[in-house]
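Going by my numbering, the first residue of the sequence shown is number 1, and it counts up by one from there.
Glycine is no exception: its CB is placed at the ideal position from the N, C-alpha and C atoms.
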Amino acid sequence: MKDSLNYLVTTKGVPLGVNRGDLGKTSSKSASVDSELMLILDTFRVQIGQATLIVPGGQIRAHPYFSRNERFNRNRFHMYLVTRLTGLTKENVFSYIDRSGPFTLVDKAKAKFILDMDPRRSGGGYARYNNNLSAAATVLKSKGWNVVLNTDSVFVTKQTDVLGYASWGSNDHYDHLYTEKARPKNTWLSGSIAETYVSTSARNFQPGKEAGQSRIADLLVEGCTGASGYVFEPFTVALAWVQILFDRYTSGYNLAESYYMSMPTMSWMAVVVGDPKTSIITSYPPLPSPSIMAINDVCVNDPVILRSQNTQPGNFFWYNADSATVKAAGPPYDHRHPNFIGEGAWITLKTDVPGDFTYSFANENITGIGFAEVSFQVKSPLNAGFTVSADTVYLNESGLVQFSDTTFGATSWNWSFGDGTGTASQKSPVYTYSNPGTYTVQLEVSNGACTTTVTRMIVVLASRPTLTFTPGNVFFGNVAVSNKAQKMVNVRNISGGDLTITSASFTGKGAGAFGLPSVAFPVTLGASESVDWNITFAPPDTGEYRATLEISIDITQTAVSVDLFGRGVKNPSGIDEVYTAPDEFHLEQNFPNPFQSATRISYELYREGMVSVEIYDVFGRKVMAILGKYQKPGTYTIVFDASHLSAGVYLYKLQVNHRAQWKKMTITR
């Protein structure tokens with residue numbers, strides 16, 4: 001509850017002050033009870049019971065709401081606004097309660113502010129407060145209010161239609177010439193407020209105890225509905241700044257806000273009497289007809305700020321339901337309403353769950369309440385992806401690639417084909433490359449709220465390679481350090497004519513571990529002719545080795561290459577099956593390949609047997625098993641979900657009884 005309250009109200013019977021001695025000294029720890037209650041349960045509670053007027057360096061210790069021009073909120077200013085309902089009699093209290101409260105209607109044409117200066121208070125610290133009276137007159141006149149600013153020795157009395165009053169009270173040098181006990185004998189309007197520059201003007205609210213300085217209790221008896229005073233000597237530095245008091249009060253702030261914005265001190269001598277929520281209006285406002293700024297659909301976890309517009313001054317409430325639901329639950333429409341989520345002209349929302357949402361807003365004033373609502377959709381992020389007709393294309397065969405978006409829920413597409421010129425906005429465009437290179441294709445997809453980007457590599461070669469290698473990649477598996485393993489590669493000319501291999505070289509971090517002995521270049525192959533090369537792997541140390549064997553051909557600039565993989569170990573183990581296709585079965589290349597999340601692995605059995613399908617990384621380490629069962633002859637297809645694996649090159653092995661076949665697959669992201 002402590003954080004939901006802005007105001008505390010004391011009543012007659014609650015002590016007015018705490019006398020801790022040293023009265024009349026700026027170092028006194030005495031204070032009004034109300035000014036100490038303002039500090040409870042929060043940051044400033046340590047100031048309770050302390051000498052709070054002067055801070056080191058001689059400055060006044062001001063509370064954080066002093067001189068502000070904004071609505072009060074305890075959670076922002078870490079204090080309460082405390083006022084008191086008291087008077088000489090309970091009937092007096094009931095009377096000013098009945099004549100005040102929120103949105104008290106005032107006839108501006110008749111209402112007056114009486115500001116009574118004392119010409120003999122023009123020196124020292126007194127001069128500032130005479131000047132404050134003059135400044136208040138300037139502010140009020142600029143806002144169109146009737147002001148009586150008295151600057152001579154007359155103590156002004158018997159004014160009518162008084163809405164605001166400030167004087168030196170019994171500290172005026174001339175009050176006794178015009179009245180008794182500095183009573184102005186005014187006729188006061190409902191919602192009227194006052195301040196007097198009198199040290200002990202709130203020392204008591206008891207009938208008959210009139211001795212000493214003038215009291216604000218007598219102003220309340222005359223008909224004033226709110227006033228500030230002091231229980232002990234406050235010194236002039238602690239008096240209310242009336243130009244702030246009357247400016248805020250005539251700007252729509254309530255009584256408590258106006259007084260506390262004008263009084264600087266905390267845990268000192270001040271008392272404010274009156275209904276804290278009293279405020280004035282000069283005409284009844286129109287019934288609110290608010291609206292909410294339109295908002296587009298958003299993506300999960302995107303920030304959303306709802307902003308009201310076309311509002312009237314008053315209360316602003318937000319709800320997590322449509323206006324019909326809010327109205328059906330009925331008043332009150334403040335924080336006690338079951339759908340209430342906040343207040344203010346705008347609100348920030350969480351969007352951590354997808355779905356359709358409707359929020360409503362209420363603008364309430366003295367005339368009534370108006371509602372508005374807004375609906376929008378929070379959309380789930382997109383899982384973007386696309387396929388290609390080929391990830392390697394050849395310019396002598398057109399260089400054309402068909403791109404197909406596979407993103408579920410996308411409504412717009414922005415393609416960049418990576419060559420600096422090619423773009424498209426269709427779902428599945430076709431693009432023709434003009435120059436060799438390796439290009440990063442980027443697709444940005446959107447569903448109107450969420451935007452996601454995915455990329456993929458496309459290799460463009462001048463012409464299709466004229467050599468084939470079987471196998472296309474060489475996997476040595478685990479080889480003991482300082483030992484040498486050997487794998488055979490069949491090199492075949494598929495160009496349709498003679499070609500000459502001019503050179504071969506190893507590149508890559510592990511190139512030094514691989515060798516190609518007994519091959520003398522150049523090597524000339526006739527049409528459809530082939531040759532077997534033995535590639536060696538001799539790891540000098542433990543670890544993983546990877547290199548590329550690059551072959552140069554005299555008739556093309558397109559380099560032909562074979563990827564080589566091996567692992568040096570102390571005790572060899574791992575892949576040792578031969579890379580030949582057994583006659584008991586046939587393993588197809590997975591499709592699609594490369595792929596992002598799922599692919600199909602197909603194979604045909606010519607004989608029944610125990611069948612297993614396993615996935616390995618390129619260094620021969622088993623990643624997972626996806627099949628292990630007895631199968632009869634036939635054709636089979638497995639859908640392999642690789643969404644949990646990292647992008648890269650993998651091997652898949654089909655083993656039937658004691659024979660195995662391997663192929664390579666590539667996962668992209």
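Alpha carbon of residue i to alpha carbon of residue j, nearest angstrom
i, j, result
"Ala227", "Val154", "22 Å"
"Ala513", "Phe537", "6 Å"
"Asp563", "Phe357", "54 Å"
"Ile638", "Asn593", "14 Å"
"Glu210", "His335", "45 Å"
"Ser32", "His78", "19 Å"
"Leu163", "Thr282", "12 Å"
"Trp722", "Val569", "No information on residue 722 is available, as it lies outside the stretch 1 to 669 that the chain covers here."
"Arg20", "Leu220", "29 Å"
"Arg84", "Thr11", "5 Å"
"Ala447", "Phe386", "What sits at residue 447 in the sequence shown is Asn, not Ala. Cα-Cα distance, rounded: 16 Å."
"Thr187", "Ser167", "16 Å"
"Ile216", "Asn339", "44 Å"
"Met610", "Val656", "6 Å"
Cβ pair residue i, residue j closer than 8 Å
i, j, result
"Met269", "Met38", "no"
"Leu651", "Val613", "no"
"Thr179", "Thr157", "yes"
"Val353", "Leu306", "no"
"Ala384", "Thr407", "yes"
"Gln631", "Glu608", "yes"
"Tyr197", "Tyr129", "yes"
"Tyr319", "Ser360", "yes"
"Ile60", "Val237", "yes"
"Thr421", "Trp415", "no"
"Leu382", "Thr325", "no"
"Gln402", "Val445", "no"
"Glu550", "Ala504", "yes"
"Met261", "Phe44", "no"
"Ala449", "Lys379", "yes"
"Ala51", "Ser35", "no"
"Ser30", "Gly17", "yes"
"Ser323", "Asn310", "no"
"Pro288", "Asn363", "yes"
Residues near residue i by beta carbon distance below 8 Å, same chain, minus five either side
i, result
"Asn396", "Ala462, Ser463, Arg464"
"Thr89", "Pro207"
"Leu499", "Thr466, Leu467, Asn493, Thr524, Leu525, Ile553, Asp554, Ile555"
Chain-order list of residues whose beta-carbon lies under 6 Å from that of residue i (same chain, five-residue window excluded)
i, result
"Thr470", "Asn490"
"Glu257", "Phe72"
"Gly437", "Val460"
"Leu149", "Leu115, Ala137"
"Ala194", "Tyr165, Leu219, Cys224, Ala227"
"Val55", "Arg61"
"Ala485", "Phe476, Val479, Phe537"
Secondary structure of residue i, DSSP reduced to three states
i, result
"Phe72", "coil"
"Gly169", "helix"
"Asp576", "Reliability of the predicted coordinates at Asp576 is poor, the pLDDT of 42 falling under 50, and no value is obtained from them."
"Lys141", "helix"
"Tyr650", "strand"
"Asn590", "coil"
"Lys112", "strand"
"Ser279", "coil"
"Ile48", "coil"
"Asp297", "coil"
"Asn92", "helix"
"Asn435", "coil"
"Glu257", "helix"
"Ile97", "helix"
"Tyr636", "strand"
"Leu287", "coil"
"Tyr80", "coil"
"Asn132", "helix"
"Tyr65", "coil"
is_contact[residue i, chain B] using C-beta, thresh 8 Å
i, result
"Val154", "Chain labels in this structure do not include chain B; a single protein chain is all it has."
Other residues of its chain near residue i: CB distance less than 7 Å, five sequence neighbours each side excluded
i, result
"Ala625", "Ser612, Glu614"
"Thr507", "Ala547, Thr548, Glu550"
Which ranges would you report for the alpha helix (DSSP H) in the stretch 313-346 if only whole runs of at least 4 residues count?
323-329
Please give the ranges of any alpha helix (DSSP H) in the stretch 171-253, keeping only runs that are unbroken, at least 4 residues long and fully inside the region.
Entirely contained in the stretch 171-253, the alpha helix (DSSP H) runs reaching 4 residues are, in chain order, 216-222, 242-249.
Curious, which full-length beta strand (DSSP E) runs of at least 3 residues does the stretch 500-568 contain?
523-525, 530-537, 543-553
What residue ranges within the stretch 9-63 form continuous alpha helix (DSSP H) runs of no fewer than 4 residues, ordered along the chain?
33-37
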